[in-house]
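Report on the structure given below.
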Amino acid sequence: MGQAVLTDTFRGNGVAVPIANMAAGLYLLSVQADGTAPATQRVTVE
826 MGQAVLTDTF RGNGVAVPIA NMAAGLYLLS VQADGTAPAT QRVTVE
């Protein structure tokens, strides 16, 4: 619990997060652009 499952550097306007191998459950998705505060959302994988 509380472990990072994916950390990456993204460029551009869109990104797809691969969830096929993730266990069902509730995850927190945090995205941060350079010089800004992170935006965090709850994501449910079924």
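Using my numbering, the letters of the sequence shown map in sequence onto residues 826 to 871. No residue lacks a Cβ here, since even glycine has one placed at the ideal position from N, Cα and C. These figures come from a predicted structure and were not determined experimentally.
Asked: In its own chain, which residues sit with a C-beta less than 6 Å from the C-beta of I844, not counting the 5 before and 5 after it?; Found: V870
Asked: Is the separation between the beta-carbon of L853 and that of T865 shorter than 7 Å?; Found: yes
Asked: Please work out which residues of its chain come closer than 6 Å, Cβ to Cβ, to V847, disregarding the five sequence neighbours upstream and downstream, and give them in chain order.; Found: For the sequence presented, residue 847 should be read as Met rather than Val. Once the five neighbours on either side are set aside, the close Cβ partners of M847 are V870.
Asked: When the Cα atoms are used, what is the spatial distance from Q857 to D833?; Found: 11 Å
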